[in-house]
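All remarks here apply to the structure that follows.
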Amino acid sequence: MLFKILGKQNFRSLVEIILQSNEIIAPKKIATNASGEPIHQFLPIGSFEEMDLDYRTTEFSAKTYFLPYRETLCTFQFADADWEQEISYRIQPRAIIGLRAHDINALVKLDMVFTRSRFPSPYYISRRKNTFVVGLDHTPLPDEFSQSMGTDIVTHGFDLFLTDLGDRYFVAIASDRGFNLLNRVEVREVEDEDTNAYKEVRRRILEGFKTRIDVHNLPNLLDLEFTSQVWSKWGEKCLSCGSCAMVCPTCYCYGVSEEVSMDFRTSTKIKQLYSCNLLDFAAVAGGHNFRPDKETRLKYRYYHQHRGFVENYDEPKCVGCNRCGRVCLAGINPAAVIKDLYEEDL
Amino acid sequence: MCALIHAYDVRRESAMLQPVDFNDRAGLKPVAKVFKAEITNVIRLTEMEKLFHVRILDDADRERFSFLPGQFVMVEVPGYGEVPISISSSTSNKGYLELCIRKTGTVTNALHRAQRGARVGLRGPFGTHFPLQRMKGQSILLIAGGLGLAPLRAPIYYVTENRAEFKDVHILYGTKSPDQLLFDYQYESWRRIDDVNIQIIVEKPNGSWDGPVGLITELLDDVEVDANATYAIVCGPPVMFKFVCGRLSQKGIPMDRMFVSLERRMHCGQGKCCRCNVGATYTCTDGPVFDYWSVINLKEAI
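Those protein sequences? They're chains A and B, same order as listed. Numbering of the first sequence is given in the numbering used here, commencing with residue 1 and proceeding in unit increments. Numbering of the second sequence is given in the numbering used here, commencing with residue 347 and proceeding in unit increments.
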């Protein structure tokens with residue numbers, strides 16, 4: 001990896017250069033919550049000022065720019081007794097600025113599913129390859145446990161990754177296009193003083209993790225605790241609303257439906273993100289539901305995150321951002337559920 | 347000025363590859379693209395099931411399309427949706443596919459209203475298959491309950507068309523009542539094949555039924571099995587697997603020589619939508635055909 005030092009004023013110029021020709025998505029303050037804290041969301045920005053890089057977190061992850069909540073897979077044009085199928089992909093380039101390390105690692109996990117599996121998805125690949133990713137280090141929130149999930153350090157999956165050193169950024173460059181873009185403004189080489197300052201920031205970040213969860217042998221533990229009371233305890237609380245999956249940066253399951261236009265001339269095939277907690281997730285034709293109970297559905301959510309995904313890709317699907325824990329109306333959070341599993345007597 | 351972040355047209359990548367071919371899994375394909383196919387024949391099987399003959403219209407696509415017994419296709423009815431349907435025809439039939447479809451939801455109801463000549467879309471074939479190559483030289487039990495005869499019909503064709511490759515061949519089929527028996531016009535033709543034992547049983551007979559009455563497991567009592575040289579293919583409702591495979595285990599057939607076909611909700615067929623996911627297993631790509639060992643290791647499978 002190449003590293004450079006970028007002055008903050010030059011970073012501003014860089015953002016403005018991108019804005020001249022491309023859309024930029026960045027954390028933007030959209031409201032204030034009841035306790036007076038700002039609420040941020042990844043949205044298109046019109047100027048450098050609209051972006052708030054001091055954001056704490058976003059309620060929604062940035063996955064909608066890669067896996068939209070609703071996406072058209074294809075359309076069917078009807079004529080006489082026949083039809084024609086039309087398929088298109090989103091190919092407009094854009095940049096996302098300010099993604100946290102765990103959010104970039106979430107994209108890396110989605111890459112495994114959608115670009116390196118048996119049926120690569122052109123819909124995802126097109127959006128991914130056309131997005132310029134600028135990451136940014138942050139001091140973890142007290143409830144984040146990305147360190148336990150091994151996603152607090154990012155080594156690929158971005159173009160540029162910034163670490164704030166006060167008056168300047170320490171920049172990791174992970175792509176040719178990142179290198180070229182950086183050269184549009186003035187950058188300098190890394191000196192010992194910068195490296196030391198960078199290491200100091202990294203040390204502070206590591207100390208910032210207040211929530212740590214034990215994940216040792218978790219995949220096997222999940223098999224052992226398949227009939228545990230832990231599932232009914234937490235399952236009883238679950239409202240089966242699916243909010244956890246909506247805010248999750250890695251949840252990708254979906255349903256497909258078709259919508260016919262009012263004039264009956266076209267039908268649009270729409271992919272909509274779903275949640276394994278929703279009642280009909282595993283219901284099949286004829287009325288049988290493989291997962292009729294909410295506790296079973298909640299259990300399978302953890303099963304996929306920490307057991308199934310590990311078997312398929314050698315790492316858990318969860319990145320430890322705790323967005324699901326914060327959004328849950330019933331107060332279910334992964335750190336507490338997993339802790340309960342460890343404490344359950346066999 | 348020229349854009350700093352250049353547009354990357356993903357379609358260029360697919361244009362460099364062969365036209366749509368789901369049999370070739372490497373490379374980037376338009377995963378939502380369907381083969382346009384015409385319903386050439388509709389055969390009424392029972393009140394609930396019809397058999398559709400569908401023919402892929404494009405000559406080159408039809409020529410290239412091939413599948414293995416046990417695989418399924420996604421059938422698209424534009425305007426209604428898409429459903430996973432197992433292929434019921436012989437792998438040697440290159441002209442058209444046979445799809446046995448029960449009237450049960452929006453898409454299948456639309457299909458049941460469709461006339462000869464209607465155009466549907468097909469994606470696939472998807473999924474694993476019954477490893478008939480591995481079964482060569484061995485005896486084979488083909489067991490179906492209810493609609494399970496639909497996925498079993500492809501291996502039945504394979505076995506009857508290649509009778510010399512197998513030792514004893516038993517076809518055992520059971521339904522609730524005689525009016526639910528599928529493909530009843532074909533039993534006689536299978537029975538006439540030299541040395542194929544076919545037995546049909548129903549749970550609740552009506553006045554005209556003079557065959558055996560009871561559960562499918564009862565047919566197994568009369569079958570002599572050489573446990574070291576027998577494979578079984580079992581298709582039907584999940585509850586049947588437990589009883590049939592349990593009975594076969596008692597007869598000494600190893601679990602990895604019994605194959606079943608599982609049913610799940612599916613929206614993609616390509617291991618992406620997660621609807622058929624059970625932990626690490628995707629029924630659409632790791633299945634639908636599993637050996638019984640994998641099934642009992644799959645929590646919640648049956």
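Beta carbons: idealized from backbone N, C-alpha and C, even for Gly.
Examine chain A for any beta-carbon lying closer than 8 Å to the beta-carbon of residue i, and answer yes or no.
| i | result |
| --- | --- |
| Leu-468 of chain B | no |
| Gln-526 of chain B | no |
| Leu-397 of chain B | no |
| Asp-626 of chain B | Sequence inspection shows Ala at residue 626 of chain B; the Asp mentioned does not correspond to that position. True, the Cβ-Cβ gap to chain A drops below 8 Å. |
| Arg-611 of chain B | yes |
| Glu-428 of chain B | yes |
| Ile-385 of chain B | no |
| Pro-497 of chain B | no |
| Ala-378 of chain B | yes |
| Glu-646 of chain B | yes |
State the start and end residues of the unbroken beta strand (DSSP E) segment that holds residue i.
| i | result |
| --- | --- |
| Trp-83 of chain A | 82-86 |
| Lys-233 of chain A | Not the beta strand (DSSP E): Lys-233 of chain A falls in the alpha helix (DSSP H), residues 229-237. |
| Pro-44 of chain A | 38-44 |
| Gly-320 of chain A | Where Gly-320 of chain A is concerned, there is no enclosing beta strand (DSSP E), given that its DSSP letter is neither H nor E. |
| Ser-607 of chain B | 604-607 |
| Val-400 of chain B | 395-402 |
| Glu-422 of chain B | 418-423 |
| Val-635 of chain B | 635-637 |
| Ser-267 of chain A | 266-273 |
| Glu-428 of chain B | 427-432 |
| Ile-4 of chain A | The sequence given here places Lys at residue 4 of chain A; Ile does not occur at that position. It spans 2-7 - the beta strand (DSSP E) in which Lys-4 of chain A sits, taken as one unbroken run. |
If you run the structure through DSSP and keep just helix, strand and coil, what is residue i?
| i | result |
| --- | --- |
| Asp-367 of chain B | Reliability of the predicted coordinates at Asp-367 of chain B is poor, the pLDDT of 47 falling under 50, and the value obtained from them is presented with this limitation in mind. Asp-367 of chain B: coil per DSSP, three-state reduction. |
| Glu-189 of chain A | coil |
| Arg-408 of chain B | helix |
| Ile-24 of chain A | strand |
| Val-15 of chain A | helix |
| Cys-251 of chain A | coil |
| Pro-584 of chain B | helix |
| Val-571 of chain B | coil |
| Glu-295 of chain A | helix |
| Glu-646 of chain B | coil |
| Tyr-354 of chain B | coil |
| Asn-455 of chain B | helix |
| Cys-74 of chain A | strand |
| Lys-109 of chain A | helix |
| Asp-164 of chain A | strand |
| Glu-49 of chain A | helix |
| Pro-471 of chain B | strand |
| Arg-307 of chain A | helix |
| His-102 of chain A | helix |
| Lys-375 of chain B | coil |
| Glu-59 of chain A | coil |
Counting only C-beta atoms, is residue i closer than 8 Å to chain B at any point?
| i | result |
| --- | --- |
| Cys-253 of chain A | yes |
| Trp-234 of chain A | no |
| Ser-148 of chain A | no |
| His-40 of chain A | no |
| Asn-183 of chain A | no |
| Phe-226 of chain A | yes |
| Ala-245 of chain A | no |
| Ala-283 of chain A | yes |
| Tyr-55 of chain A | no |
| Leu-6 of chain A | no |
| Glu-311 of chain A | yes |
Hey, could you find the ends of the alpha helix (DSSP H) residue i is sitting in?
| i | result |
| --- | --- |
| Leu-655 of chain B | Past the edges of chain B, shown from 347 to 648, lies residue 655 of chain B, and the structure says nothing about it. |
| Ser-146 of chain A | 146-149 |
| Lys-125 of chain A | The amino acid occupying residue 125 of chain A in the given sequence is Ile; Lys does not appear at that position. Counting along the chain, the alpha helix (DSSP H) containing Ile-125 of chain A begins and ends at 122-129. |
Closer than 7 Å to a non-hydrogen atom of the ligand ATP - does that hold for the CB of residue i?
| i | result |
| --- | --- |
| Arg-408 of chain B | Absent from the structure shown: the ligand ATP. Ligands present: none. |
Open item on the list: Residues of the region 19-34 of chain A in Cβ contact with chain B at a cutoff of 9 Å, in chain order, please.
Closed with: Gln-20, Ser-21 and Asn-22
Task: Short-range partners of chain B found in the region 192-216 of chain A, where Cβ spacing is below 7 Å - done: none
Open item on the list: Against chain B, which members of the region 72-105 of chain A pass a CB distance test of less than 8 Å?
Closed with: Leu-73, Cys-74, Phe-76, Phe-78, Ala-81, Asp-82, Trp-83, Gln-85, Ile-87, Tyr-89, Ile-91, Gln-92, Pro-93, Arg-94 and Ala-95
Open item on the list: Residues of the region 119-143 of chain A in Cβ contact with chain B at a cutoff of 7 Å, in chain order, please.
Closed with: Phe-119, Pro-120, Ser-121, Pro-122, Ile-125, Ser-126, Lys-129, Asn-130 and Phe-132
Task: Segment contact flag, the region 187-200 of chain A with the region 115-128 of chain A, C-beta cutoff 8 Å, min 3 pairs - done: no
Open item on the list: I'd like to know if the region 500-516 of chain B and the region 464-481 of chain B are in contact, where contact means that at least 3 CB-CB pairs between them fall below 8 Å.
Closed with: yes
TODO: Tell me, please, whether the region 110-119 of chain A touches the region 139-155 of chain A by the rule of three or more beta-carbon pairs shorter than 8 Å.
DONE: no
Open item on the list: Pairs of beta-carbons, one from the region 443-456 of chain B and one from the region 612-622 of chain B, closer than 8 Å: are there three or more?
Closed with: no
- [ ] Flag this pair as touching only if the region 195-208 of chain A and the region 173-181 of chain A have three or more C-beta atom pairs under 8 Å; answer yes or no.
- [x] no
TODO: Give the residues from the region 561-585 of chain B that approach chain A closer than 8 Å (Cβ to any Cβ), ordered along the chain.
DONE: none
Open item on the list: Could you check whether the region 510-520 of chain B touches the region 539-554 of chain B, counting it as contact only if at least three pairs of C-beta atoms, one from each stretch, sit closer than 8 Å?
Closed with: yes
Open item on the list: For the structure I just gave you, are there three or more beta carbon pairs, one from the region 438-452 of chain B and one from the region 265-276 of chain A, closer than 8 Å?
Closed with: no
Open item on the list: Output needed in chain order: residues of the region 291-321 of chain A with a Cβ under 9 Å from some Cβ in chain B.
Closed with: Arg-291, Thr-296, Tyr-300, Tyr-303, His-304, Arg-307, Gly-308, Phe-309, Val-310, Glu-311 and Asn-312
Task: At least three beta-carbon pairs within less than 8 Å, the region 277-289 of chain A to the region 132-144 of chain A - done: no
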